[in-house]
Structure formats: C-alpha cells, structure tokens
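Chemist:
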Amino acid sequence: MTRPDVIVAGAGIIGTMIAWHLVRNGARVVLADPAQQPASASSATWASAGGLRRQGRSAADQPLTRIAAARWPGMEAELDADLEVSLGGHLHLTETEAGLEVIRARVATDRAAGLDIELVEGAHLREIAPEVTPRALGGAWTPGDGQAHPGRVARAALAAFRRAGGEARLGAPVRLTRGAAGVTGITTGPDALEAPLTIVAAGAWSLELLAGLGLTLPLRWRALTMLLSDMAVPGLLAPTVTAVGRNLSLKQLRSGQFMLGGNWMSRPTGQGLQALPVDTHMSEQWSTGVAVMPRLARQRMVQVWAGAEAQSPDGNPLVGRMSMPGLYLAAGFSNHGFQISPAVGAAVAEDVARGGHPLLAPFDPHRLDATDPDALARFHSAPILAVA
Ligand SMILES: Cc1cc2nc3c(=O)[nH]c(=O)nc-3n(C[C@H](O)[C@H](O)[C@H](O)COP(=O)(O)OP(=O)(O)OC[C@H]3O[C@@H](n4cnc5c(N)ncnc54)[C@H](O)[C@@H]3O)c2cc1C
Numbered sequence: 001m002t003r004p005d006v007i008v009a010g011a012g013i014i015g016t017m018i019a020w021h022l023v024r025n026g027a028r029v030v031l032a033d034p035a036q037q038p039a040s041a042s043s044a045t046w047a048s049a050g051g052l053r054r055q056g057r058s059a060a061d062q063p064l065t066r067i068a069a070a071r072w073p074g075m076e077a078e079l080d081a082d083l084e085v086s087l088g089g090h091l092h093l094t095e096t097e098a099g100l101e102v103i104r105a106r107v108a109t110d111r112a113a114g115l116d117i118e119l120v121e122g123a124h125l126r127e128i129a130p131e132v133t134p135r136a137l138g139g140a141w142t143p144g145d146g147q148a149h150p151g152r153v154a155r156a157a158l159a160a161f162r163r164a165g166g167e168a169r170l171g172a173p174v175r176l177t178r179g180a181a182g183v184t185g186i187t188t189g190p191d192a193l194e195a196p197l198t199i200v201a202a203g204a205w206s207l208e209l210l211a212g213l214g215l216t217l218p219l220r221w222r223a224l225t226m227l228l229s230d231m232a233v234p235g236l237l238a239p240t241v242t243a244v245g246r247n248l249s250l251k252q253l254r255s256g257q258f259m260l261g262g263n264w265m266s267r268p269t270g271q272g273l274q275a276l277p278v279d280t281h282m283s284e285q286w287s288t289g290v291a292v293m294p295r296l297a298r299q300r301m302v303q304v305w306a307g308a309e310a311q312s313p314d315g316n317p318l319v320g321r322m323s324m325p326g327l328y329l330a331a332g333f334s335n336h337g338f339q340i341s342p343a344v345g346a347a348v349a350e351d352v353a354r355g356g357h358p359l360l361a362p363f364d365p366h367r368l369d370a371t372d373p374d375a376l377a378r379f380h381s382a383p384i385l386a387v388a
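If you're matching positions, the sequence shown starts at 1 in this note's numbering and goes up one per residue.
1) At a threshold of 7 Å, does phenylalanine 161 count as lining ligand 1 (C-beta to nearest heavy atom)?
2) Measuring from the CB of aspartate 279, is there a heavy atom of ligand 1 at a distance below 7 Å?
3) Quick one, which of Ala105, Asp145, Thr94, Pro173 has its alpha-carbon nearest arginine 135's?
4) Take alanine 172 as the anchor and find which of Gln36, Gln274, Met259, Gly179 has the nearest alpha-carbon.
5) Throw me the rounded Cβ distance for the isoleucine 13 and alanine 154 pair, which I believe falls under 8 Å.
6) Taking the alpha-carbon positions, what's the glycine 244 to glutamine 147 distance?
7) Is the beta carbon of histidine 391 within less than 7 Å of some heavy atom of ligand 1?
8) Please state whether the Cβ-Cβ distance between alanine 156 and leucine 79 is less than 8 Å.
9) Could you check which residue in Gln285, Val132, Ala238, Arg163 has the C-alpha nearest to that of histidine 90?
10) By Cβ distance below 8 Å, which residues in the same chain neighbour arginine 106 in space, the five residues on each side in sequence not counted?
11) Could you tell me if the beta carbon of isoleucine 13 falls within a distance shorter than 7 Å of some heavy atom in ligand 1?
12) Is any heavy atom of ligand 1 found at a distance shorter than 7 Å from the C-beta of asparagine 335?
13) Using beta-carbon positions only, say whether leucine 207 and alanine 306 come within less than 8 Å of one another.
14) Do you know how far the Cα of leucine 115 is from the Cα of isoleucine 103?
15) Between asparagine 316 and arginine 295, what straight-line distance do the alpha-carbon atoms span, to the nearest angstrom?
16) For threonine 2, is the classification buried or exposed, using 16 other Cβ atoms within 10 angstroms of its Cβ as the cut-off for buried?
17) If contact is defined by three or more beta carbon pairs under 8 Å, each pair taking one atom from either stretch, is the stretch 25 to 39 in contact with the stretch 258 to 273?
18) Taking 7 Å as the cut-off, does the CB of serine 40 come closer than this to any heavy atom belonging to ligand 1?
19) For ligand 2, any of its heavy atoms closer than 7 Å to the Cβ of alanine 343?
20) So does phenylalanine 363 have its beta carbon nearer than 7 Å to some heavy atom of ligand 1?
21) Just how far apart, CA to CA, sit leucine 22 and glutamate 101?
22) Could you please give me the residues that DSSP links to isoleucine 186 through a beta bridge?
23) For glutamate 309, write down the residues that DSSP places opposite it in a beta bridge.
24) If the criterion is Cβ atoms closer than 8 Å, does the pair proline 358 and valine 319 meet it?
25) At 4 residues or longer, and completely inside the stretch 278 to 329: list those alpha helix (DSSP H) runs for me, N to C.
26) Following the continuous beta strand (DSSP E) through alanine 94, name the residue where it begins and the one where it ends.
27) Can you find the residues in the same chain that come closer than 8 Å, C-beta to C-beta, to arginine 71, ignoring five residues on each side of it along the sequence?
28) Closest by CA to methionine 265, which one among Gln257, Ala164, Glu194, Val304?
29) In the DSSP assignment, find the beta strand (DSSP E) that holds glutamine 274 and state where it starts and stops.
30) Report the rounded CA-to-CA distance for leucine 250 versus phenylalanine 258, giving the unit in angstroms.
31) Using a threshold of 7 Å, is the CB atom of phenylalanine 338 nearer than that to any non-hydrogen atom of ligand 1?
32) Using the three-state DSSP reduction, which class does glutamine 147 fall into: helix, strand or coil?
33) Which stretch, first to last residue, makes up the alpha helix (DSSP H) that contains isoleucine 128?
34) Using 10 angstroms around the beta-carbon of glycine 355, count the other beta-carbons present and answer buried if the total reaches 16, otherwise exposed.
35) Excluding five sequence neighbours on each side, which residues of the same chain lie with their C-beta closer than 7 Å to the C-beta of valine 132?
36) With a threshold of 8 Å, are at least 3 pairs of Cβ atoms found where one atom belongs to the stretch 179 to 198 and the other to the stretch 321 to 337?
Below is the structure:
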C-alpha cells in the first residue's frame with residue numbers, strides 16, 4: 001500500500017483493535033510496530049492480566065466499558081479464534097465491617113449507573129467463590145465479568161485486520177515523519193510511508209515517539225508485576241477477585257494456574273522500558289494472594305513478569321486528534337485498557353471518519369494541557385517503586 005488513508009503506529013491491543021475497526025469501516029490502513037508480533041515483551045498487552053471487569057469504573061469510561069462488555073461474549077465468534085474468554089463474574093470482597101461500607105457504596109453507585117451488581121454475603125458468597133478466605137464478610141458481585149487472553153485477542157485482531165485487507169509492517173523500527181504542515185507518516189525500517197492521518201497507539205513508547213516531534217505528553221510509564229502459580233485443579237475459582245484495601249487481582253486460568261496482579265511495581269533497568277521484579281514486592285504480592293485465597297499456600301510461584309504501561313494524571317487515556325495536523329493519539333491506557341479495547345477501536349474508527357465522537361470527549365488529548373506544572377511534576381516524580 002503506497003498511500004494508505006491511515007497509519008496506526010503500535011500493535012498492542014489498542015492499535016490492533018483500532019486498525020481492525022478502521023478497515024471494517026472501509027479505510028485503507030497500514031499497522032506498524034517494531035516488534036515481530038502484537039503483544040510482545042514487555043508491552044502492557046503482553047503483561048496484562050486480561051481481566052474484563054465493569055464494576056468500580058470511572059464515570060468517563062462507563063459507556064465504553066458497557067459497549068465493550070456487550071461484545072466480549074461474542075468476541076471469539078467475531079474474531080474466529082479461541083481467546084480463552086471465560087465469564088465467571090467478578091467479586092470485589094471485603095474482610096472488614098468498614099470495607100462493607102465501601103462495598104455498599106460501590107454497589108449503589110454502579111447500580112445507579114445501570115450495572116447489574118449486587119452485594120453478596122454468607123452462603124451466596126461461598127457459593128460464588130468457595131475457596132476465598134472464610135474471613136470474607138461480603139462482596140460486590142458482577143456476574144458476566146471475567147477474563148480473556150490479551151495476547152490471543154491482539155493476535156486475532158491482527159489476523160482479522162489482515163483478512164479485511166489491512167497491511168501490517170512488523171519487525172522494523174518505526175519513527176514518525178514531519179513536514180511543514182504537520183505529521184506526514186512514518187518510516188518503517190528503510191521505507192517511508194505517507195498518510196493523511198497517523199494514529200500513535202504505542203502505549204508507553206508513545207512518549208518517545210512524540211518526543212521525536214518535540215512534543216511532551218502528560219504521561220509517565222510504570223512497570224507492573226504479575227505472578228503465576230504452578231498448576232492446580234482447574235475450576236477452583238470461577239470469578240476474578242479483588243479485595244478492599246488489598247493490592248491484588250486474582251484469577252484462575254484455563255490451565256488451572258493462578259495469576260496474581262495488582263499495582264506491584266518492578267524496578268526499571270535503565271534499558272529502554274525494561275524492568276526487573278523486586279523480591280520484596282513479589283513475596284508481599286504472593287502473601288496477599290494467600291490471605292485472600294488460603295489454598296494458594298499449597299501452590300508454588302513459577303513465573304514472574306512485568307510490563308510497561310503509560311499512565312495519565314487522571315487515570316484516563318488520551319484519545320483524539322492532536323493540534324499538530326495529521327496526528328491522532330490513543331495512549332495512556334492503564335488498569336482497564338484491555339477490557340475497553342473493542343469499544344475504543346470502534347469509537348476511534350468512527351471518530352476518524354466523522355469526528356466529534358461523544359464517548360471520546362472525556363479523553364481529549366489536550367485536556368491536561370493547562371494542568372498546574374507543579375502538580376504535573378509531582379505526578380512524574382512519584383516514587384517509581386511505590387505500591388499503590
Ligand atoms: C501488568 C498489567 C496488568 C493489566 N491487567 C489488566 C486487566 O486485568 N484488565 C484490563 O482491562 N487491563 C489491564 N491492564 C491494562 C491493559 O493491559 C493496557 O491498558 C493495554 O494493554 C494497553 O495497550 P496498548 O496497546 O495501549 O499498549 P501496549 O500493549 O504497551 O502496546 C504498545 C505497542 O507499541 C509498540 N511500539 C513500541 N515502540 C513503537 C514505535 N516506535 N512505533 C510503533 N509502535 C511501537 C510496542 O511494541 C507495543 O506493541 C494491565 C496492564 C498491565 C501492565
């Protein structure tokens with residue numbers, strides 16, 4: 001393709017979903033990434049826990065959350081692939097009376113926003129999750145939430161993009177090119193490609209891509225740690241689990257292994273966006289899992305990894321046209337970027353075609369331009385290893 005309508009730089013879950021939806025809408029699209037395939041180490045999509053949780057989400061992203069949630073049950077059919085989608089619900093539990101108030105508040109807020117969420121206690125809670133700690137007093141329960149395999153989804157979205165006529169340029173360094181009137185396209189290895197619009201969806205690497213244009217984004221990057229247990233009998237834990245006051249996300253995979261996440265940070269190595277897990281964090285992360293599901297004490301931790309994600313000061317991504325002509329940004333997805341990705345793909349494709357998409361308005365990439373510089377400096381200098 002010599003002159004596509006749109007170039008998408010970055011083939012993580014956000015870039016592949018955007019590219020796939022653009023070609024579905026009839027655009028001629030090139031998707032470029034220096035990695036050989038989507039969801040390569042150490043991207044956020046590669047590291048991601050793959051949780052599909054609707055509860056506890058900000059008002060800004062509830063509409064996209066809802067649209068995405070309606071599509072996840074049919075995503076394997078849409079993409080014609082096994083994505084390890086499992087919709088066993090999500091349980092946000094508490095072990096304290098004070099925590100029950102937090103749960104009640106979440107249930108009230110989310111129910112008022114139209115979510116099918118309920119407070120579960122006693123026998124009902126044990127029926128949903130028999131293996132969680134007997135200390136659990138109650139939980140916010142959203143049936144229909146669950147998990148999927150982020151790498152599989154991104155690779156399947158790339159395959160669907162190609163089947164629909166999109167062209168992927170993978171495995172060669174990608175840089176943005178700029179002319180007098182703004183961004184003109186990219187170079188990928190020795191080749192230059194021009195397009196009227198270039199979408200930067202390069203996760204934490206968007207910072208350096210835009211720095212090449214002299215632009216500074218109000219984003220920082222952090223590396224989050226994931227742990228994996230050895231095999232256990234599959235089916236012990238159907239829902240995905242989080243807990244009030246505990247830094248933990250817990251789920252059981254199809255293989256029977258347990259996966260533990262949370263905001264446990266790894267230490268940057270100083271080599272690009274690479275990071276190495278911190279021993280003390282790993283052991284605390286594991287013991288948090290054991291506290292919430294005592295049965296985990298019988299398992300061994302067999303794998304650990306960390307992936308780089310871009311974070312914005314208000315926790316919401318930056319999505320939309322930049323004031324520099326020819327440039328569109330879709331970066332800064334953290335925490336729940338995987339869950340909303342199909343809705344983001346569809347919304348961005350419509351926004352590119354028609355502009356002014358109402359569901360993307362809260363994510364205007366220039367909304368933080370007027371942020372107090374001191375507050376921004378504090379955001380950037382927040383301890384890189386702090387546990388949230
Ligand atoms: C440990 C962890 C657990 C998570 N758990 C969940 C969860 O349970 N549920 C959920 O919904 N979300 C979760 N998230 C968040 C979610 O995974 C991310 O928001 C999402 O994967 C971000 O995708 P992305 O495509 O924006 O970025 P990435 O996946 O980081 O992709 C960026 C891509 O850009 C490419 N790139 C690098 N340099 C360039 C360049 N110069 N030009 C072009 N491309 C380039 C990279 O190779 C990569 O492919 C988690 C994140 C982490 C880190």
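Built from N, CA and C at the ideal position, the CB exists for glycine as well.
Modeler: If we stick to the structure as given:
1) Start at 1 with the first residue of the sequence shown, and residue 161 comes out as number 161. For ligand 1, not one heavy atom lies less than 7 Å from the Cβ of phenylalanine 161.
2) By 1-based counting over the sequence shown, the position of residue 279 is 279. Remark: the shortest separation between the CB of aspartate 279 and any heavy atom of ligand 1 does not fall under 7 Å.
3) Numbered from its first residue, the sequence shown carries residue 135 at position 135. When only C-alpha atoms are compared, the closest one is Thr94.
4) Against the sequence shown, residue 172 aligns to sequence position 172. Taking alanine 172 as reference, the option from Gln36, Gln274, Met259, Gly179 with the minimal CA-CA separation is Gln36.
5) Translated into the one-based positions of the sequence shown, residue 13 becomes position 13. Translated into the one-based positions of the sequence shown, residue 154 becomes position 154. The pair is a contact, with the Cβ atoms about 5 Å apart (cut-off 8 Å).
6) By one-based count along the sequence shown, residue 244 stands at place 244. By one-based count along the sequence shown, residue 147 stands at place 147. First, the residue type needs correcting, since residue 244 is valine and not glycine in the sequence shown. C-alpha separation (whole angstroms): 20 Å.
7) Residue 391 cannot be examined here, being either before or after the span of the chain that is shown, 1 to 388.
8) Residue numbering aside, residue 156 sits at position 156 when the sequence shown is read from its first letter. Residue numbering aside, residue 79 sits at position 79 when the sequence shown is read from its first letter. Going by C-beta atoms, alanine 156 is nearer than 8 Å to leucine 79.
9) Along the sequence shown, read from residue 1 onward, the residue named residue 90 stands at position 90. Of the candidates Gln285, Val132, Ala238, Arg163, the one whose C-alpha sits nearest the C-alpha of histidine 90 is Ala238.
10) Your numbering for residue 106 matches position 106 in the sequence shown. Around arginine 106: Gln55, Gly56, His92, Ile117, Ala140.
11) Mapped onto the sequence shown, residue 13 falls at position 13. Closer than 7 Å to some heavy atom of ligand 1: that describes the Cβ of isoleucine 13.
12) Counting from one through the sequence shown, the residue named residue 335 turns up at place 335. Asparagine 335 Cβ: within cutoff of ligand 1.
13) Against the sequence shown, residue 207 aligns to sequence position 207. Against the sequence shown, residue 306 aligns to sequence position 306. No, the Cβ-Cβ distance between leucine 207 and alanine 306 is not below 8 Å.
14) Mapped onto the sequence shown, residue 103 falls at position 103. Mapped onto the sequence shown, residue 115 falls at position 115. Note on geometry: alpha-carbon atoms of isoleucine 103 and leucine 115 lie some 14 Å from one another.
15) The residue you call residue 316 lines up with position 316 of the sequence shown. The residue you call residue 295 lines up with position 295 of the sequence shown. Rounded to whole angstroms, the gap between the alpha carbons of asparagine 316 and arginine 295 is 35 Å.
16) Stepping through the sequence shown from its first residue, residue 2 is reached at position 2. It is exposed - the Cβ of threonine 2 has fewer than 16 other Cβ atoms within 10 Å.
17) Contact between the stretch 258 to 273 and the stretch 25 to 39 is absent, because fewer than three Cβ pairs lie under 8 Å.
18) Sequence index remark: in the sequence shown, residue 40 carries index 40 (1-based). Within the cutoff, so yes.
19) In terms of ligand content, the structure shown lacks ligand 2 and carries ligand 1 instead.
20) Counting from 1 along the sequence shown, the entry for residue 363 is found at position 363. It does not: the Cβ of phenylalanine 363 is nowhere closer than 7 Å to a heavy atom of ligand 1.
21) Counting from 1 along the sequence shown, the entry for residue 22 is found at position 22. Counting from 1 along the sequence shown, the entry for residue 101 is found at position 101. Per the coordinates, the alpha-carbon of leucine 22 lies some 44 Å from the alpha-carbon of glutamate 101.
22) Taking the first residue of the sequence shown as 1, we reach residue 186 at position 186. Leu176, Leu193, per the DSSP bridge assignment.
23) For the purposes of this step, residue 309 is taken as residue 309 along the sequence shown, with counting starting at 1. DSSP, once it has assigned bridges, lists Arg222 as partnering glutamate 309.
24) Walking along the sequence shown from the start, residue 358 turns up at place 358. Walking along the sequence shown from the start, residue 319 turns up at place 319. Going by C-beta atoms, proline 358 is not nearer than 8 Å to valine 319.
25) The qualifying runs are 279 to 292.
26) The residue given as residue 94 occupies position 94 in the sequence shown. A small fix is needed here, since residue 94 is threonine in this sequence, not alanine. Boundaries of the beta strand (DSSP E) around threonine 94: 90 to 94.
27) Counted from its first residue, the sequence shown places residue 71 at position 71. Glu78, Pro342, Ala343, listed in sequence order.
28) Mapped onto the sequence shown, residue 265 falls at position 265. Comparing Cα-Cα distances from methionine 265 to each of Gln257, Ala164, Glu194, Val304, the minimum goes to Val304.
29) On the sequence shown, residue 274 is found 274 positions in, with the first residue counted as 1. Unbroken run through glutamine 274: none, as it is neither H nor E.
30) Taking the first residue of the sequence shown as 1, we reach residue 250 at position 250. Taking the first residue of the sequence shown as 1, we reach residue 258 at position 258. Distance between the alpha carbons of leucine 250 and phenylalanine 258 is about 7 Å.
31) In the sequence shown, the residue the question calls residue 338 occupies position 338. Yes, ligand 1 has a heavy atom inside 7 Å of this Cβ.
32) Within the sequence shown, numbered from 1, the residue matching residue 147 stands at position 147. It is a strand residue.
33) As a working note, residue 128 is residue 128 in the sequence shown. Its alpha helix (DSSP H) spans residues 122 to 128.
34) As a working note, residue 355 is residue 355 in the sequence shown. The residue in question, glycine 355, is exposed, as its Cβ has fewer than 16 Cβ neighbours within 10 Å.
35) Residue 132 sits at position 132 when you count from the first residue of the sequence shown. Closer than 7 Å at Cβ, skipping near neighbours: Leu93, Val241, Val292, Met293.
36) Enough Cβ pairs lie closer than 8 Å, so yes.
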